[in-house]
Every structure is written in structure tokens, then in C-alpha cells.
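**Student:** Have a look at the structure that comes next, please.
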Amino acid sequence: MNLLPRDGVRLAGLTPYLQAAPLGAILVVFLLLPMVVLVVVSFFDYDSVQIIPGFVLTNYRDVLGSSVTWRTYLNTIRFTVIVWSITVVLGFGVAYVLAFEIRSRTMQLALFLVCTIPFLTSNIIRMISWIPFLGREGLLNSALLRLHLIHQPLEFLLFSDFAVVLAYVHLYALFMVTPIFNTMIRIDRRLIEAAIDGGARSLEVLTQVIIPLSKPGIAIGSIFVVTLVMGDFITVRLMSGGQSASVGLMIANQISLLQYPAACANAVVLLAVVLIMIAAILRVVDIRRDL
Amino acid sequence: MSGLPLGRWALLGFLGLFILFLYGPTITILVLSFQGPDGGLTFPLNGVSLHWFAALFQTQAVGDFGGSLARSLALATMVMAATVAISVSAGLAFRRRFRGSQALFTLTVASLIIPSILVSLGVGLLFSQAGLDPAWDTSAFGAQLTWTLPFGVLIMFAVFNRFNKAWEEAARDLGATPWQGFRHVVLPIIAPSVVGIALFGFSLSYDEFARTLLTAGSDNTLPLEIFGMTTNVTTPVLYALGTVTTVFSFIVIFVALTAVSVLSRRR
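Same order as they appear, the protein sequences are chains A and B. Using my numbering, the letters of the first sequence map in sequence onto residues 13 to 303. Using my numbering, the letters of the second sequence map in sequence onto residues 21 to 287.
Here's what the structure looks like:
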């Protein structure tokens with residue numbers, strides 16, 4: 013009988029493993045193994061009908077040796093830099109107003125929900141919904157025409173790089189707002205009062221107190237935006253009307269041509285680039301205390 | 021903080037414009053989905069009708085709307101249930117340090133930041149290399165969980181960071197078994213967050229596109245069907261579909277938020 017308590021202890025020691033096992037199993041089978049498969053298949057050979065198991069470096073040689081790849085990467089990074097710059101300013105501004113200008117707690121929560129709810133609706137529908145606004149006969153063009161600001165419809169509004177960037181900002185700005193808002197509401201208000209008492213002006217409070225203390229949120233938001241834009245293909249496909257390219261779209265095209273090993277090599281390179289970018293962000297800002 | 025009232029109004033105006041930017045386009049297609057039978061994809065409205073909503077339910081007009089909707093609802097429910105169960109369980113585990121906890125946490129965060137198209141491609145290839153047919157309820161189910169689980173686990177993380185263990189200890193001291201302690205003490209306290217996780221699980225699955233694209237096999241989910249439509253449908257039926265799924269999403273969000281507020285108040 014006196015074995016029982018020890019059994020209980022042993023069981024208690026096992027508990028966290030049993031509780032974590034389902035999460036571990038799902039992530040191993042549907043994340044880790046697939047990434048291993050990506051790497052393995054990236055060394056396979058292929059012809060027009062099938063994948064041929066083997067170990068060849070031709071896929072990487074094709075990916076890295078092609079000027080199309082380099083141009084596509086540059087274009088994707090250009091999108092990422094533009095979208096990141098816009099969303100970080102927009103996201104910071106919105107989070108700032110929510111955290112510091114809205115006084116009532118209920119109102120703050122309500123407006124925060126209003127700013128995050130679109131995240132739980134369909135991205136594709138949100139992209140499509142720009143068509144009646146930006147199109148040749150869309151709302152914006154007809155308004156500008158009626159105001160005599162332009163004499164011909166602006167063609168660059170829809171199916172262009174402009175439309176792609178606009179859609180990205182529309183889709184991903186909330187990935188900036190949420191983490192920045194979360195760090196901002198945890199800033200001790202007494203620090204701000206102390207700064208004001210110490211003679212700091214509004215701008216100085218912003219640059220010396222609020223921005224430094226919001227850095228972890230900015231970093232988390234940046235990681236989201238950078239990885240989402242770097243890996244995107246559907247926004248570019250829908251909003252550029254086939255005019256623009258991205259790495260994700262290049263991979264998707266290779267997949268539709270059944271060139272799986274080439275797509276995998278491309279995917280491995282993309283993964284490496286994304287991880288390097290995240291490492292760079294984490295080197296600048298320590299987000300651990302925010303997790 | 022705010023100096024001049026003028027500056028404050030400018031900031032509030034900025035927030036208002038941002039909200040308009042978020043919702044404006046959606047409202048536009050909502051209005052245009054009531055376009056008359058002869059109307060096009062842009063304004064002006066050529067009469068007002070329910071024509072395009074009716075067209076939605078004629079299968080020949082828009083592929084397999086009914087079938088894909090049914091699959092999406094079933095899949096979202098499965099993903100929701102699995103996300104809640106697995107996240108809560110993992111959240112309980114992470115309250116203690118165990119061997120591999122750091123690695124598991126890193127893997128969870130990695131799951132959030134690895135581009136969706138890579139997960140989709142990897143899971144699709146894994147299934148085909150293993151000789152299995154990808155399907156919406158197997159491979160797509162797993163691929164979607166890699167997107168919903170990190171959100172669930174991180175929410176549980178935040179909850180248990182603020183959780184007062186004294187309640188649970190009190191229950192144990194009063195003779196409650198671990199299960200009773202969880203069922204009658206921990207669960208009621210974390211209930212609002214659990215509803216939040218359920219909402220994330222359901223909604224993210226219901227709208228997921230990239231991770232489903234190469235893993236759903238031969239039967240489309242609704243977002244895949246909508247994507248197909250964007251390339252070959254040029255009538256407001258597309259907007260009607262957008263309106264229906266957006267309104268549905270909003271109903272789901274509203275129900276979940278109501279549940280959260282009721283559960284929080286009861287506490």
C-alpha cells in the first residue's frame with residue numbers, strides 16, 4: 013500500500029508530458045516532418061511526368077543561377093519593405109490612439125475589437141472588395157472624374173503594384189496594431205508623468221519613453237508582417253492581375269507545373285531568407301519578456 | 021498626454037479613417053451584392069434585388085457552393101474542437117517546466133511564422149510520398165491546425181501567466197481530485213479565454229486558404245471555391261457570396277463575444 017504515493021508522484025511527473033503530447037504530435041507530423049520532406053525532395057530529380065528520388069543539386073543550381081529568381085526575390089523584398097514601413101507607422105499610430113487617447117476602458121476594448129475583427133473574416137473576400145472601389149469605373153475614379161481632378165480614369169489603381177501594396181496594408185495592418193497595443197497598455201503611466209514632470213515635451217515623451225517601451229510589440233508585429241508578405245502568393249496573384257511576381261507565386265506556379273523538386277528548392281531558400289530576416293529582427297529587439 | 025484638443029481630435033479622426041479603411045471596401049460589396057439582375061461589378065446600382073443571392077444556390081452558376089460550404093463548416097468545427105482541446109491541454113502542461121518544453125514552444129512559434137504555402141506544399145508532399153491521398157478532413161485538417169494551434173497555445177500562455185494557483189490549491193486541500201479541480205475550479209476561470217480560442221479555431225479554419233490549397237485533395241473548401249470563382253466569375257454573384265460568408269463570420273464572432281462577456285460576468 014505504501015507504494016501508492018510514490019506511484020502518484022511518478023504519475024504527476026508524467027502529467028505534463030501527457031498534456032503536451034497532442035500538441036507535440038500534431039506539430040511533428042504536420043510541421044516538422046513536412047519541412048523535412050521539403051528539404052529531401054529539394055534534392056530529388058524530376059522530369060515532365062514524375063519525381064525521381066535521388067540526390068542532385070540541379071534544383072538549387074537552377075534556383076540560384078536564374079536571374080528570374082533574383083529579380084523575383086528583389087521584388088518580394090521590395091514589397092516587404094514598403095508594406096512594413098507603412099504598417100509600422102499606421103499600426104503604431106492606431107495603437108497609440110487606442111492606448112493613450114481613448115480614456116474609457118470599455119470604449120478602448122470595443123475599438124480594439126473593431127480593429128481586430130476583420131482578421132477573423134475571409135482575406136480573399138477582403139481583397140475582392142477593393143474591385144468596385146479601385147476599378148476603371150470604380151468609386152474612386154468616378155469621384156475624381158466628377159471633381160474634375162482627372163480627365164481619364166486612373167489605370168494604375170487596380171491590377172498593379174499599387175493595388176498589391178494597398179491590399180497588403182489592408183490585410184496585415186492589424187498584425188501590427190494588436191501586438192503594439194498590447195505592449196502599450198502595459199506601459200506604466202507613471203513613467204510618462206515622470207517624463208512630463210521632468211520637463212519632457214510631447215514629442216520627447218513619444219521618442220524617449222513610448223517608442224522604446226513599445227519595441228517588443230513593434231518587433232512581434234514586424235515578424236508577422238515580414239513573414240506574411242514574404243510568403244504570400246494569393247494577394248499578388250489577385251491584385252496585380254498577373255503584372256507582378258513574388259517568391260510565393262513562383263513556388264505556386266512551379267507546383268501547378270508539377271515541378272515539385274524545383275518548388276521545394278525554392279521553398280527551402282525562401283524559408284532560409286525568412287528565418288534570417290526574423291533573426292535580424294530579434295537581434296535588434298529582445299521580445300522574450302513579452303511572450 | 022494630449023496637449024491641444026485639436027491634436028486629440030486629429031488623432032481620433034485618424035483612428036476613424038483607419039476603421040473606415042478596414043470596413044469600407046467590405047461595405048461596398050455588401051451594397052453591390054443587392055445589385056439588380058442587369059447590374060455589373062461596379063456602381064451604379066442597377067435596381068435592387070436578391071437575384072445574385074438566388075443565383076448562389078443554383079449549382080451550375082458557381083460550381084459547388086453547397087458542398088464546399090458544408091465541408092468548410094464541418095472542417096471548421098473539427099479544427100475548433102481540436103484546437104480547444106489541444107491548446108488547453110498544452111497550456112496546462114506549460115505551467116511546469118518539463119524536458120523538451122522549450123523545444124516544443126519554439127516549434128509552436130515556428131508554426132506561426134513559417135509561410136503557409138510551405139506548410140501546404142510540405143504536408144501535400146508528405147501525404148503523396150507516404151502513398152496517402154490528401155483530403156480535406158485529414159491532410160488539410162492537420163495543415164490548418166498548424167495555423168490555429170499557435171494562437172490557442174499563446175492565448176493559454178497569457179491566461180496561465182496571470183492565473184492565481186491559490187484557487188486550485190484550495191480545491192486540492194479540500195480533497196478535490198486533479199480532474200475535479202480542473203473541471204470545477206480551473207475551467208470556469210479560463211472559460212472566457214477558451215471561448216476565444218474556439219472562435220479563433222473556427223474562424224481561421226473557415227477562412228483558411230493557403231494551407232488548404234495543396235492539402236484538400238479533390239474536394240474544395242469554400243475559400244478554395246471562392247478563389248476559383250475570382251478567375252472566372254464576372255457577375256455580382258461573387259459579391260453575394262462575399263456578403264453571405266462575411267455576415268456568417270460576423271454572426272459567429274458576435275455569438276462568441278456574447279458568450280465571453282456572459283462567462284466573464286458570471287465569474
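C-beta: ideal position from N, C-alpha, C; glycine also. These figures come from a predicted structure and were not determined experimentally.
1. Just tell me which of Thr247(A), Leu50(A) and Val109(A) has its CA closest to the CA of Tyr184(A).
2. Going by the CB atoms, is the gap between Pro165(A) and Arg138(A) shorter than 7 Å?
3. What residues of chain C sit near Arg28(B), judged by a beta carbon separation below 7 Å?
4. Which residue wins for smallest C-alpha separation from Leu234(B), given the options Ser225(B), Val282(B) and Val143(B)?
5. Suppose the cutoff is 6 Å on Cβ atoms and the five residues either side in sequence are ignored; what does the same chain contact list for Ala260(B) look like?
6. Of all the options Pro273(A), Thr81(A) and Trp96(A), which has the alpha carbon lying nearest to the alpha carbon of Val181(A)?
7. Compare the C-alpha of Leu225(A) against each of Ile197(A), Leu102(A) and Gly105(A) and name the closest.
8. Grab me the residues of Ile210(B)'s own chain with a C-beta within less than 7 Å of its C-beta, minus the 5 sequence neighbours each way, in chain order.
9. Please compile the residues from chain B whose C-beta is within a distance smaller than 8 Å of the C-beta of Phe145(A).
10. Determine the DSSP secondary structure at Ile63(A), reduced to helix, strand or coil.
11. What does Tyr272(A) touch in chain B if you count any residue whose Cβ is under 7 Å from its own?
12. Taking Arg309(A) as the query, report the chain B residues whose CB atoms sit under 8 Å from its CB, ordered along the chain.
13. Please give the ranges of any alpha helix (DSSP H) in the segment 255 to 286 of chain A, keeping only runs that are unbroken, at least 4 residues long and fully inside the region.
14. Hey, Val51(A) and Val280(A) are a contact pair by Cβ (cut 8 Å); roughly how many whole angstroms apart?
15. Give me the subset of the segment 86 to 97 of chain A whose CB atoms are less than 8 Å from a CB atom of chain B, sorted by chain position.
16. Check for me: the alpha helix (DSSP H) holding His71(B) runs from which residue to which?
17. Quick check on DSSP: helix, strand or coil for Gln55(B)?
18. For Gly33(B), count neighbouring C-beta atoms within 10 Å of its own C-beta (all shown protein chains included) and say buried if the count is 16 or more, exposed if not.
19. Give me the residue from Ser88(B), Thr48(B) and Gln122(B) with the minimum Cα distance to Ala32(A).
20. Of all the options Val237(A), Val41(A) and Asp298(A), which has the alpha carbon lying nearest to the alpha carbon of Val190(A)?
21. Within 10 Å of its beta-carbon, does Met119(A) have 16 or more other beta-carbons around it, so buried, or fewer, so exposed?
22. Alpha carbon to alpha carbon, how far is Val177(A) from Phe91(A)? Give it in angstroms, no decimals.
23. Have a look at the DSSP bridge pairing and note the partners of Asp57(A).
24. Is the Cβ-Cβ distance between Phe124(A) and Leu110(A) less than 7 Å?
25. Report the rounded CA-to-CA distance for Leu15(A) versus Arg117(A), giving the unit in angstroms.
26. Which chain A residues are close to Asp239(B), counting only those with a beta carbon under 9 Å from its beta carbon?
27. At the level of alpha carbons, what is the spacing between Ser22(B) and Ser214(A)?
28. Answer with buried or exposed for Phe145(A), where buried requires no fewer than 16 other C-beta atoms within 10 angstroms of its C-beta.
29. With a threshold of 8 Å, are at least 3 pairs of Cβ atoms found where one atom belongs to the segment 200 to 220 of chain B and the other to the segment 273 to 281 of chain B?
30. Run through DSSP, which three-state label would Val264(B) get?
31. So, does the CB of Ser131(B) fall closer than 7 Å to a CB anywhere in chain A?
32. Looking at the unbroken alpha helix (DSSP H) that takes in Glu149(A), where does it start and where does it end?
33. With burial defined as no fewer than 16 other Cβ atoms inside 10 Å of the residue's Cβ, what is the status of Val272(B): buried or exposed?
34. Buried or exposed: Phe274(B), going by 16 or more other Cβ atoms within 10 Å of its Cβ?
35. Which of the three DSSP states is assigned to Val51(A) in this structure?
36. I need the DSSP call for Val75(A), collapsed to helix, strand or coil.
**Tutor:** Inspection of the coordinates gives the following:
1. Thr247(A)
2. no
3. Absence of chain C from the displayed structure is noted, the protein chains being A and B.
4. Val143(B)
5. Ser53, Trp72, Phe73 and Leu76
6. Trp96(A)
7. Ile197(A)
8. Val179
9. Gly44, Pro45 and Thr48
10. strand
11. Leu145
12. Residue 309(A) is absent from the model: chain A starts at 13 and stops at 303.
13. 259 to 268
14. 6 Å
15. none
16. His71 to Leu76
17. strand
18. exposed
19. Gln122(B)
20. One detail in the question is off: residue 190(A) reads as Thr in this sequence, not Val. Among Val237(A), Val41(A) and Asp298(A), the Cα nearest to that of Thr190(A) belongs to Val237(A).
21. exposed
22. 7 Å
23. Ile64(A)
24. yes
25. Low per-residue confidence applies at Leu15(A): pLDDT is 43, beneath 50, and the placement is therefore not dependable enough to give any value.
26. Those do not exist, as Asp239(B) stays about 18 Å from chain A at its closest Cβ, beyond 9 Å.
27. Its pLDDT being 45, under 50, Ser22(B) is placed unreliably by the model, and the measurement read from it follows with that caveat. If you take the alpha carbons of Ser22(B) and Ser214(A), they lie about 8 Å apart.
28. buried
29. yes
30. helix
31. yes
32. Note, Glu149(A): premise wrong, no alpha helix (DSSP H); not H, not E.
33. buried
34. exposed
35. helix
36. helix
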